[in-house]
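Engineer: Quick one: the structure is below, questions incoming.
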Amino acid sequence: MEKDIFLAADIGGTTVKLAIIKANGEIVKKWEIRTDRENGGERIPEDIHHALEASLEELHIDKKQVAGIGAGAPGFVDPNSGFIHEAVNIGWKNYNFGAILSELTGFPVWVDNDANLAALGEKWLGAGEGARELIAITLGTGVGGGIIANGEILNGVNGTAGEIGHITVVPEGGAPCNCGKTGCLETLASATGIVRLAKKSIENTHGSILRNIPSDQLTAKDVFEAAQQGDEAAGTVIEKVTDLLGMTIANLAIAINPEKIVIGGGVSQAGSQLLDPLKAAYKKYALRRTYEATSFGLAKLGNDAGVIGAAFLVKANQ
């Protein structure tokens with residue numbers, strides 16, 4: 001029997017996105033379960049196992065058709081073993097996730113960082129389709145990234161390649177980051193970072209419409225909307241964020257000379273309001289020949305990027 005069914009799990013701090021996907025990338029079923037972070041997230045593999053088992057039964061899919069499981073987690077992952085060195089948002093530290101899930105399900109399991117899987121998803125069926133050199137960046141609560149070179153995802157010697165959010169952009173006096181460093185890109189270009197900068201900006205600006213929003217309710221979306229209305233404080237924040245992010249991408253581009261740069265995550269919903277100044281900053285800082293070779297766009301797969309990338313991980317290892 002042909003193994004033409006791929007199982008996928010995209011593990012986040014709040015929910016685990018699950019999917020059953022055909023070999024051509026068609027999603028047969030997708031759904032979510034709650035991420036149970038109690039006791040260091042020890043029940044997550046079992047929850048995934050039960051959820052997948054129930055859906056295979058419901059859809060009358062023979063287990064012999066299943067090629068394996070692809071899974072993504074936000075943290076430092078050894079893709080060769082599925083071992084999670086640390087996933088702070090979930091509670092895992094030195095956790096042999098791949099082996100545990102494989103033992104529970106009886107299927108081979110391949111694991112990678114969630115941002116890497118989003119990059120693979122966009123390369124397979126999204127905005128990066130067909131690109132052999134690709135930089136994919138996700139701007140959400142944090143800043144994630146995946147780099148594809150010569151058609152392969154870059155992992156590095158211990159799984160930290162492509163951790164774009166932890167590139168230092170403020171060498172001195174930067175805000176503390178969850179990784180333990182200060183001045184990381186994530187402290188500025190994430191949704192959290194944009195809100196932090198906005199709160200600081202309105203302290204020095206009179207008449208900002210952002211002052212009308214309670215501090216604990218302010219969002220990155222509010223900042224973009226205010227900037228669109230000509231708010232000076234909000235505009236200053238967007239200008240700073242896009243300039244630093246554009247410079248970071250330009251420096252990365254020198255290393256791999258990408259064909260495509262793809263921006264995704266919740267912050268990317270700002271669309272051209274984010275993309276236009278970002279492209280301008282990239283052009284300003286990039287080597288001219290590098291810039292001329294690159295297309296720059298928004299991710300297409302949305303919340304499905306992770307599970308599609310996870311399915312591609314299975315496909316690539318068949």
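With this note's numbering, the residue at position 307 of the sequence shown is 307, and numbering never jumps.
For glycine and all other residues, C-beta sits at the position ideal for the given N, C-alpha and C.
Treat the numbers as computed from the prediction; the structure is a model and nothing was measured.
(1) So who's on the other strand from residue 157, going by DSSP bridges?
(2) Output the boundary residues of the alpha helix (DSSP H) element that contains residue 59.
(3) Any C-beta of chain B sitting closer than 8 Å to the C-beta of residue 65?
(4) Looking at the structure shown, is residue 4 part of a helix, part of a strand, or coil, going by DSSP?
(5) Is the beta carbon of residue 169 sitting closer than 8 Å to the one on residue 248?
(6) Could you tell me if the beta carbon of residue 124 falls within a distance shorter than 7 Å of some heavy atom in the ligand MG?
(7) Per DSSP, what kind of secondary structure is residue 74 in: helix, strand or coil?
(8) Check this for me: beta carbons of residue 75 and residue 69, under 8 Å apart or not?
(9) Which runs of the alpha helix (DSSP H), 4 residues or longer, sit entirely within the stretch 106-152?
(10) What is the residue span of the beta strand (DSSP E) that residue 326 lies within?
(11) Using DSSP bridges, identify the partner residues of residue 177.
(12) For residue 260, I'd like the list of residues in its chain whose CB is within less than 6 Å of its CB, leaving aside the five on either flank, ordered along the chain.
(13) With DSSP collapsed to three states, give me the class of residue 319.
(14) Does the count of Cβ pairs from the stretch 93-107 and the stretch 38-49 closer than 8 Å reach three?
(15) Please name the residue in 157, 192 and 96 whose C-alpha comes closest to that of residue 141.
(16) Hey, residue 118 and residue 309 are a contact pair by Cβ (cut 8 Å); roughly how many whole angstroms apart?
(17) Pick out whichever of 171, 173, 284 and 236 has its Cα sitting closest to the Cα of residue 204.
(18) Rounded to the nearest angstrom, what separates residue 226 and residue 262 at their Cα positions?
Structural biologist: So, from the listed chains and residues:
(1) Sequence index remark: in the sequence shown, residue 157 carries index 157 (1-based). Within the DSSP bridge table, the entry for residue 157 names no partner.
(2) Along the sequence shown, one-based indexing puts residue 59 at 59. Counting along the chain, residue 59 sits inside no alpha helix (DSSP H), nor does DSSP assign it H or E at all.
(3) Absent from the structure: chain B. Only one protein chain is present.
(4) Residue 4 sits at position 4 when you count from the first residue of the sequence shown. If DSSP states are grouped into helix, strand and coil, residue 4 belongs with coil.
(5) In the sequence shown, counting from the first residue as 1, residue 169 sits at position 169. In the sequence shown, counting from the first residue as 1, residue 248 sits at position 248. In this structure, residue 169 places its C-beta atom within 8 Å of the C-beta atom of residue 248.
(6) Although the ligand MG was asked about, the structure shown includes no ligands whatsoever.
(7) The residue you call residue 74 lines up with position 74 of the sequence shown. Taken through DSSP and simplified to helix, strand or coil, residue 74 comes out as coil.
(8) Within the sequence shown, residue 75 is the residue found at index 75, counting from 1. Within the sequence shown, residue 69 is the residue found at index 69, counting from 1. No, the pair does not count as a contact, with Cβ atoms beyond the cut-off.
(9) Counting only unbroken stretches of 4 or more residues, the alpha helix (DSSP H) elements lying wholly within the stretch 106-152 are 114-125, in sequence order.
(10) As shown, the chain starts at 1 and ends at 318. That puts residue 326 outside it, with no answer to give.
(11) Within the sequence shown, numbered from 1, the residue matching residue 177 stands at position 177. For residue 177, DSSP records no beta bridge to any residue.
(12) Locating residue 260 in the sequence shown gives position 260, counting from the first residue. The residues are 128, 131, 134 and 295.
(13) What is shown of the chain runs 1 to 318, which leaves residue 319 out entirely.
(14) Yes, the stretch 93-107 is in contact with the stretch 38-49.
(15) Residue 141 sits at position 141 when you count from the first residue of the sequence shown. It is 192.
(16) For this step, residue 118 is matched to residue 118 along the sequence shown. For this step, residue 309 is matched to residue 309 along the sequence shown. Rounded, the Cβ-Cβ distance is 6 Å, consistent with contact.
(17) Position 204 of the sequence shown holds residue 204. Of the residues 171, 173, 284 and 236, the one whose Cα lies closest to the Cα of residue 204 is 236.
(18) Working through the sequence shown from its first residue, we reach residue 226 at position 226. Working through the sequence shown from its first residue, we reach residue 262 at position 262. One C-alpha to the other measures close to 25 Å.
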